[in-house]
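Engineer: Structure in structure tokens, see below.
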Amino acid sequence: MSLPSSFSLAGRRIVVTGANTGIGQGIAVSVARAGGTVIGVGRSAMDETEKKVADAGGIFIPARTDLADRKAARTLIDGLWDAHGPLHGLVNNAGIIRRADAVDFTEADWDDVIDINLRSLFFLSQGFGRRVIAEKSRGKIVNIASLLSFQGGIRVASYTASKHGALGITRLLACEWAAKGVNVNAVAPGYIITNNTEALRADEKRSTAILERIPAGRWGTPDDIGDAAVFLLAPASDYMHGAVVPVDGGWLAR
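Take the sequence shown: its position 114, counting from 1, is numbered 114 in my numbering, and each next residue is one higher.
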């Protein structure tokens, strides 16, 4: 009998938040292609993702949850663990963005983004880490960071703050949990074709300027991010802790 590939997720249950569209959908499909079972978390229907996962030969378990509901977010991991058995990976992908000049930015746009992008990321990770450590098993967390974990951006104050925070929490949890069986790493997507970038792609001037800076000469796709996430969920990355992998077409190299 041959040994399983170090890049395989066969037999592993992976929770992916924000799985209904965009990068989350791409990650779910990549996990399925690698042999993993996807537990998709989303506040809206995930029928399209479920079909794409099935087409890739995978199993998709939907978990309708609004992560803006603090109690639901805090209890989600325990509920999924108890219902479906031990979890092996968590991808904190759910995120929203609000755009306005800093002088006009509202408290609501600040709070809503920080709640989803940073608070839920930490408390889902906490729930996952607690169970893995308590059961003396092994698990992997992949946080979806951003180019704006490194740069300021414009007109996205709360998003930039949340993505700087996501990278900081990735490093903090790696320091605390690396010796306890939990790998915590991050992927930093560049400019990806998703709902969140629709406004940028529709702005011909901004879109042209962005493409001119990307050495690869194209916007990324959700699959580009999904395949990188699979690497960080698979045994191939077992000695990686607190790392951030930019998947940006070379943007940060400029």
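All residues carry an ideal CB built from backbone N, CA and C; glycine is no exception.
For residue 24, collect the residues of the same chain with a Cβ closer than 6 Å to its Cβ; drop the 5 residues on either side in sequence, then sort them by chain order.
Structural biologist: Working through the sequence shown from its first residue, we reach residue 24 at position 24. Excluding positions up to five away in sequence, the list reads 16, 18, 93.
Engineer: Considering residue 127, what are the terminal residues of the alpha helix (DSSP H) in which it resides?
Structural biologist: As a working mapping, residue 127 is identified with position 127 in the sequence shown. Element bounds for residue 127: 120-134.
Engineer: Please look up how many angstroms separate the CB atoms of residue 157 and residue 102, rounded, as I've assumed it's under 8 Å.
Structural biologist: Indexing the sequence shown from 1 puts residue 157 at position 157. Indexing the sequence shown from 1 puts residue 102 at position 102. Confirmed, Cβ separation roughly 5 Å.
Engineer: In the DSSP assignment, find the alpha helix (DSSP H) that holds residue 79 and state where it starts and stops.
Structural biologist: Against the sequence shown, residue 79 aligns to sequence position 79. It spans 70-84 - the alpha helix (DSSP H) in which residue 79 sits, taken as one unbroken run.
Engineer: List the residues that DSSP assigns as beta-bridge partners of residue 92.
Structural biologist: For this step, residue 92 is matched to residue 92 along the sequence shown. The partner list for residue 92 (beta bridge, DSSP) reads 143.
Engineer: Beta-carbon separation of residue 142 and residue 229 under 7 Å?
Structural biologist: Locating residue 142 in the sequence shown gives position 142, where the first residue counts as 1. Locating residue 229 in the sequence shown gives position 229, where the first residue counts as 1. Yes. Within cutoff.
Engineer: From the DSSP output, read off the bridge partner residues of residue 62.
Structural biologist: Your numbering for residue 62 matches position 62 in the sequence shown. Looking at the DSSP assignment, residue 62 forms a beta bridge with 40.
Engineer: Counting Cβ pairs closer than 8 Å, one from the stretch 23-43 and one from the stretch 53-60, do we hit at least three?
Structural biologist: yes
Engineer: Are at least three pairs of beta-carbons, each pair with one atom in the stretch 177-192 and one in the stretch 136-152, less than 8 Å apart?
Structural biologist: yes
Engineer: What residue does the alpha helix (DSSP H) around residue 31 start on, and which one ends it?
Structural biologist: Taking the first residue of the sequence shown as position 1, residue 31 is located at position 31. Its alpha helix (DSSP H) spans residues 22-33.
Engineer: Rounded to a whole number of angstroms, what is the C-alpha to C-alpha distance between residue 220 and residue 249?
Structural biologist: On the sequence shown, position 220 is the one that residue 220 refers to. On the sequence shown, position 249 is the one that residue 249 refers to. If you take the alpha carbons of residue 220 and residue 249, they lie about 7 Å apart.
Engineer: Beta-carbon within less than 6 Å of residue 43's beta-carbon, same chain only, minus the 5 sequence neighbours each way: which residues are those?
Structural biologist: By one-based count along the sequence shown, residue 43 stands at place 43. Cβ within range, chain order: 66.
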